[in-house]
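Position 119 of the sequence shown, counting from 1, maps to 100 under the numbering used here, and the rest follow consecutively.
Note that beta-carbon positions come from the ideal geometry of N, C-alpha and C, so glycine has one too.
Single-structure report; data block below.
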Amino acid sequence: INPYPPEHLGGSEVFCKNLAINLKKKNIDSEILTSDILKRNVKIDFLDGSIKIIYKKNYHSLWGMNPLVNTYSFLKKNFQNYDVIHVHSYLFLTSFQSALFRKIRKFPFILHIHGGIQTPQNLSSSLVEKFQLGFKNIFFDKWIGSFTIKTADALISVSKKDLDIIEKRYNIRHNNNYYIPNGVNTEIFQKKKETGKIFVTFIGRLSYIKGFDIYMNVIKELYKYDKDLKFLIIGKGPLKRLIKSVQKTLPILHSDFYPYEKMVDIYNHSKVVLITSRFEGVPTILLESLACETPVIASSVGGISEVLRNDENGLLIKDFNSKSTISKILDVLHDQDKLSTFGRNGRNLVLKNFSWDVITDKIGMIYKNFIS
């Protein structure tokens, strides 16, 4: 169960899509229950020709990001058809409904945490963003999130740090907590020989949470020192207005959406990918970028430091606003040998620890433990 459908570009939905495809390769059948948030007006579709996707009507999106969709009634009618119910992200009402139904009927309920656990307030955020974060930290996490997490029979987290925080915050001490990072299809996401890497790239929701305002401030500073730089932005969101304010003065290419199957081209045309998030799990774009031998410069938050090694496959940044940070980024951008070394190291790390074959085997074992 995932709030967003596979064709939507985002971390948990990409994970869900790739997991279903790779489970099929290992003769484990699955179906995806999701929302019709993209208003395709379809009830049933198929992923990769044989994996069933069930779309439920989205009545509204709370704050533009939390689909209001009735998955409870579907579970009530159909839960006995499944050996395991695997629910992605604790932040959404789809997950809360699964937890509610788990209190009524017994079935293996696995909750997959895709970040969002660490959400500190920031004085520079807007009043709306402060209200949203305050609501989450004071009310949602204390009551709804807590209920969903504590009801799960097993927890999987893409971040070790998030799992540690969950265990302490909610006093959960049992053997059914698992750290399994995001995975990457390394056959698709790899370096292409013919492409030129020219962009300093941002991929994701243009929001406070993803630190899009930070990215915009960083590229303004970078451009002061290097007029040859070019910038690429993939995504949409409430801070899109920041692009319009500088498009006449900065060489920015922007697209609200880019097909996931073509994202490998974005990474291959990027000199570096900037991840300026204020909080994260282990973002899929981090792993996909490294798999394409494109270095990543990222905030040292959430599970990012579990993957990114400072001065080995990229840069970990504590403060993007400092002059020393801008200087470090420029040094990397101007050092082709360093870019190449970071790229090779990143690819090797992904091949060793984050391939979908490895990830699928780990999750398959969890399923089998519950079924047996």
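Note that the stretch 209 to 227 does not touch the stretch 161 to 174; fewer than 3 beta-carbon pairs, one per stretch, sit closer than 8 Å. Counting C-beta pairs with one atom in each stretch, the stretch 92 to 99 and the stretch -12 to 3 have three or more that are closer than 8 Å, which means they touch.
Contact annotation, C273 with K172: C-beta distance approximately 6 Å; criterion of less than 8 Å satisfied.
DSSP places V277 inside the beta strand (DSSP E), whose first and last residues are V277 to S280.
Comparing alpha-carbon positions, the option among L114, F212 and Y(-15) lying closest to V50 turns out to be Y(-15). Taking the Cβ atoms as the reference, Y204 lies roughly 6 Å from L210, within the contact range of under 8 Å. Cβ contact annotation for Y239 (same chain, cutoff 8 Å, sequence separation greater than five): L(-10), I215 and I247, in chain order.
Y40 is classed as exposed because its beta carbon has fewer than 16 other beta carbons within 10 Å across all chains shown. Nearest to S303 by C-alpha distance, out of I285, N163 and S280, is S280. Taking the Cα positions, Q78 is about 35 Å away from I195. In the three-state DSSP reduction, A80 falls in the helix class (H, G or I). When the five nearest sequence neighbours on each side are left out, the beta carbons in the same chain lying within less than 8 Å of the beta carbon of V227 are those of M197, K201 and I233, in order along the chain. When the Cα atoms are used, S140 and E287 turn out to be separated by approximately 8 Å.
Here DSSP, grouped into helix, strand and coil, assigns T230 to coil. Counted as a single uninterrupted DSSP element, the beta strand (DSSP E) harbouring A135 occupies residues A135 to S138. Excluding residues up to 5 positions away in sequence, P(-16), L72, F73 and L74 lie with their Cβ nearer than 8 Å to the Cβ of N47 in the same chain.
Around the C-beta of E261, 16 or more other C-beta atoms lie within 10 Å, and the residue is accordingly described as buried. A distance below 7 Å between beta-carbons, with the five flanking residues on each side excluded, links S336 to the following residues of its chain, in chain order: G164, V165 and T167. Assignment of S16 by DSSP, reduced to helix, strand and coil, places it in the strand class. In this structure, the alpha-carbon of D17 lies about 20 Å from that of E242. In the structure shown, I352 falls within a helical segment according to DSSP collapsed to helix, strand and coil. Spanning the alpha carbons of L28 and I266 requires a straight line of approximately 21 Å. Distances from the alpha-carbon of F301 to those of F60, L330 and S258 put S258 closest. Separation of Y348 and P264 (C-alpha to C-alpha, rounded to the nearest whole angstrom) is 24 Å.
Proximity to K6 across S353, V339, F351 and N350 peaks at V339, based on C-alpha coordinates. Counted as a single uninterrupted DSSP element, the alpha helix (DSSP H) harbouring Y53 occupies residues Y53 to N59. Three or more Cβ pairs drawn from the stretch 289 to 296 and the stretch 324 to 334 lie within less than 8 Å of each other, which places the two stretches in contact. For the 8 Å CB-CB criterion, F183 and L255 form a contact. I125 is bridged by DSSP to nothing; it lacks a bridge partner. DSSP places G(-8) inside the alpha helix (DSSP H), whose first and last residues are G(-8) to K6.
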